[in-house]
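Chemist: Numbering (the working numbering), first residue to last: 719 to 1028. All residues carry an ideal CB built from backbone N, CA and C; glycine is no exception. Supplied in structure tokens, the structure appears directly below.
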């Protein structure tokens, strides 16, 4: 079983010699680890939970229970137990790796990056994930039906935490330059920006679709909690030509459309209680993330970016 931690001491079949609750907990953890994980996951969980009941500060019990829960795709409970393991052992490499994996599976890529960076200099797979998340700023981009939580957004808009991530990424880059062949990838971590491709618009329209509501609520919650004072909302369109219009006129209409989209997001956030400290700007098709005249490129270029500075 990946990331299970074995406590290395001999165990008797019957627990008789343990002097403290935490020593008894050690033995329950070892018993669980000797079981075949595929066939006895329920029994393993039972042993790990007994260990935690006896010794709530037992990092191996929390970590190993989290691994089993993660394999069952019970991500919320797995997250809790990885966090408990780290609370009681802050330098626990396997727990940081598990935490990063769970956040990754949940689509909370900023938090995933933060977790992996804690162990980036020590663990190769963490470095591989960091490299993938830094490429094209993937960690701060949300697509499709994914929603960045307020917790993720707080990280993306917190310049002190971003500075810490930047320093950690640079340290990791001294170990393995492949995590960011272009140093601009690490410098960009300092930018308090989130890119939303999940704030969706119908083609050629500027009103928001229903799928965007949950994301807008998370954004509003974050901005209100931060008491954000300087917010810029940037609207971008794709480069599709408007039916019956020349190329020059199509570009003008796309510019107007992107401004209207940014204004729509501002209005939606104000309706959710965000103070009017927001500036909007439309870039039309002038700042594409992906070059090309095909559907995949158009879908990626239709987006809203929000930058927050206090």
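#1: Jot down the residue ranges of each uninterrupted beta strand (DSSP E) in the region 788-869, minimum 3 residues, whole runs only, in chain order.
#2: How is the alpha helix (DSSP H) around residue 763 delimited, first residue to last?
#3: Check whether the Cβ atoms of residue 942 and residue 992 sit closer than 8 angstroms, and answer yes or no.
#4: Take the Cβ of residue 1012 as the centre, count every other Cβ of all protein chains shown within 10 Å, and call the residue buried at 16 or more, exposed below.
#5: Per DSSP, what kind of secondary structure is residue 1010 in: helix, strand or coil?
#6: Could you give the DSSP three-state label for residue 738: helix, strand or coil?
#7: Taking the beta carbon of residue 964 as the centre, do at least 16 other beta carbons fall within 10 Å, making it buried, or is it exposed?
#8: Would you tell me roughly how many angstroms separate the C-alpha atoms of residue 1006 and residue 891, rounded to the nearest one?
#9: Exposed or buried, what is residue 732 when buried is set at 16 or more other beta-carbons lying within 10 Å of its beta-carbon?
#10: How is the beta strand (DSSP E) around residue 952 delimited, first residue to last?
#11: Three-state secondary structure (DSSP) at residue 1021?
#12: Following the continuous beta strand (DSSP E) through residue 912, name the residue where it begins and the one where it ends.
#13: To the nearest angstrom, how far is it from the Cα of residue 907 to the Cα of residue 739?
#14: Determine the closest residue to residue 956 out of 939, 976 and 905, with distance taken between C-alpha atoms.
#15: Label residue 1028 either buried or exposed according to how many other C-beta atoms from any shown protein chain fall within 10 Å of its C-beta, with 16 as the threshold for buried.
#16: Distance, Cα to Cα, residue 909 vs residue 951?
#17: Going by the beta-carbon positions, is the gap between residue 796 and residue 866 smaller than 8 angstroms?
#18: Quick one: measure Cβ to Cβ for residue 940 and residue 830, integer angstroms, because I've assumed they're closer than 8 angstroms.
Modeler: Well, looking at it:
#1: none
#2: Here residue 763 is taken as the residue at index 45 of the chain shown, counted from 1. Per DSSP, the continuous alpha helix (DSSP H) segment holding residue 763 begins and ends at 759-772.
#3: One-based indexing of the chain shown puts residue 942 at position 224. One-based indexing of the chain shown puts residue 992 at position 274. With contacts defined by Cβ atoms closer than 8 angstroms, residue 942 and residue 992 form a contacting pair.
#4: Stepping through the chain shown from its first residue, residue 1012 is reached at position 294. The residue in question, residue 1012, is exposed, as its Cβ has fewer than 16 Cβ neighbours within 10 Å.
#5: To locate residue 1010, count along the chain shown from 1; it is residue 292. In the structure shown, residue 1010 sits in coil (DSSP, three-state: anything other than H, G, I, E or B).
#6: Here residue 738 is taken as the residue at index 20 of the chain shown, counted from 1. It is coil, neither helix nor strand.
#7: Numbered from 1 along the chain shown, position 246 holds the residue referred to as residue 964. Classification for residue 964: exposed.
#8: Walking along the chain shown from the start, residue 1006 turns up at place 288. Walking along the chain shown from the start, residue 891 turns up at place 173. When rounded, the distance between both Cα atoms is 28 angstroms.
#9: Your numbering for residue 732 matches position 14 in the chain shown. The predicted position of residue 732 is uncertain, since its pLDDT is 43 and thus under 50; no value can be drawn from it.
#10: What you label residue 952 is simply residue 234 of the chain shown in a count that begins at 1. Note, residue 952: beta strand (DSSP E), 948-954.
#11: By one-based count along the chain shown, residue 1021 stands at place 303. In this structure, residue 1021 counts as strand in the three-state DSSP scheme.
#12: Translated into positions along the chain shown, residue 912 becomes position 194. Run containing residue 912: 911-914, per the beta strand (DSSP E) assignment.
#13: Residue 907 sits at position 189 when you count from the first residue of the chain shown. Residue 739 sits at position 21 when you count from the first residue of the chain shown. Each residue's Cα considered, the two are about 45 angstroms apart.
#14: Locating residue 956 in the chain shown gives position 238, where the first residue counts as 1. The candidate whose alpha carbon is nearest that of residue 956 is 976.
#15: As a working note, residue 1028 is residue 310 in the chain shown. Of the residues assessed, residue 1028 falls on the exposed side of the cut-off, its CB having fewer than 16 other CB atoms within 10 angstroms.
#16: As a first step, residue 909 must be located in the chain shown, where it is residue number 191. As a first step, residue 951 must be located in the chain shown, where it is residue number 233. Residue 909 and residue 951: Cα-Cα distance of roughly 14 angstroms.
#17: Locating residue 796 in the chain shown gives position 78, where the first residue counts as 1. Locating residue 866 in the chain shown gives position 148, where the first residue counts as 1. Not in contact: residue 796 and residue 866 (Cβ atoms no closer than 8 angstroms).
#18: The residue labelled residue 940 in the question sits at position 222 within the chain shown. The residue labelled residue 830 in the question sits at position 112 within the chain shown. Not really, about 18 angstroms apart at Cβ, beyond 8 angstroms.
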